[in-house]
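Everything below concerns the one structure shown next.
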Amino acid sequence: MKTAAASIARRFSHAASPRDVVIVSYARTPIATFNGALSSLTGPELGAIVNKAAIERAGISVNDIQEAYLGNVIYNVKLDKIPTLRPAFKKDGTVTAANASPLNDGAAALVVMSRERADALGLKPLARIRGFAKHAGLQLSDIEYHEINEAFSVVALANMELMKLDHSRVNVNGGAVALGHPIGMSGARIVGTLIHILEQNDATIGAASICNGGGGAGALIIERL
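Each residue of the sequence shown is one higher than the last, beginning at -8 in this note's numbering.
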């Protein structure tokens, strides 16, 4: 994937720099956090990661840990240093440690069922899967928001350039370079994020997309109900 990212960065060198895109991503995440845009997506349960009883015996609350993590993300990123970082893969490249997503730990869950089953259980779905590509029966202009997994900033950059997407409608709460990219969890994370973005902005149609090693990718159209 790093080789592909470096190649795509060269191909789209005429477009906005991946360094510019990553600055936007890092700037959006703390704003979304302080505005409460991420609160409906996250919970305080860290039991699978740390021994909660042990940290509470030490006089440290779970909220303290979350705030410390958030502070590290927001305050330890020096945005003015991003353009000065050395290329990671090519001497004259633009892919750097800053615009490549960090690997981290995480967990996400989605409940998927048929409409009939949801009705039988008395549940109101948040959204439905419209399909993908042409099977959704939509035009690109019908899609109001995009969540593109930012394995590298150049992934979002290339898609915005190829599809002429409005950056203000792409990864509006920040992407994986700021939030992290837990392998195996990111797909569920971007779908969940997209559903809540549609709700928060009174929008209906969104697209979630993610690349994978070996040159593959997946995409999904979501309709808020």
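All C-beta atoms in this analysis are idealised placements derived from N, C-alpha and C, irrespective of residue type, glycine included. Bear in mind that the values here come from a model prediction, so they are computed numbers and not experimental data.
Q: Go to L152, then tell me how far its alpha helix (DSSP H) extends in each direction, as first and last residue.
A: Going by the sequence as given, residue 152 is Glu instead of Leu. Residues 144 to 154.
Q) Does the separation of the CB atoms of L101 and V163 fall below 8 angstroms? A) no
Q. Three or more beta-carbon pairs under 8 angstroms between the segment 103 to 120 and the segment 148 to 163, yes or no?
A. Contact check between the segment 103 to 120 and the segment 148 to 163: fewer than three CB pairs, one atom from each, fall below 8 angstroms, which does not count as touching.
(Q) Mapping the DSSP letters down to three states, classify S159 as helix, strand or coil. (A) helix
Q. Going by Cα to Cα distance, which pick from G206, G166, H172 is closest to R19?
A. G166
Q: Have a look at V161 and A199 and give me their C-alpha separation to the nearest angstrom.
A: 10 angstroms
Q: Measure the alpha-carbon distance for I22 versus A169 and round it to whole angstroms.
A: Taking the straight line joining both Cα atoms gives about 12 angstroms.
Q) By Cβ distance below 8 angstroms, which residues in the same chain neighbour E135 in space, the five residues on each side in sequence not counted? A) Only R160, L189, N192, A194, T195, I196, G197 meet the Cβ criterion.
Q) Given a threshold of 16 other Cβ atoms within 10 Å of its Cβ, counted over all protein chains shown, does I120 qualify as buried or as exposed? A) exposed
Q: To the nearest angstrom, report how far apart A99 and S16 are at their CA atoms.
A: 21 angstroms
(Q) So within the segment 97 to 145, which uninterrupted beta strand (DSSP E) runs reach at least 3 residues, ignoring any that extend past its ends? (A) 118 to 122, 136 to 139
(Q) Rounding to the nearest angstrom, what Cα-Cα distance links R106 and I201 in this structure? (A) 26 angstroms
Q. Is S177 helix, strand or coil by DSSP?
A. helix
Q) Helix, strand or coil: how does DSSP classify S200 here? A) In the structure shown, S200 adopts extended strand secondary structure according to DSSP, grouped into three states.
Q. Counting along the chain, where does the beta strand (DSSP E) carrying A210 start and finish?
A. Unbroken beta strand (DSSP E) run through A210: 207 to 215.
Q. Relative to the alpha-carbon of I14, which residue among A147, I174, L32, E214 has its alpha-carbon at the smallest distance?
A. A147
**Q.** C-alpha distance - S144 paired with P93, whole-angstrom precision
**A.** Cα to Cα, the separation comes out at about 12 angstroms.
Q: Take the Cβ of L131 as the centre, count every other Cβ of all protein chains shown within 10 Å, and call the residue buried at 16 or more, exposed below.
A: Exposed.
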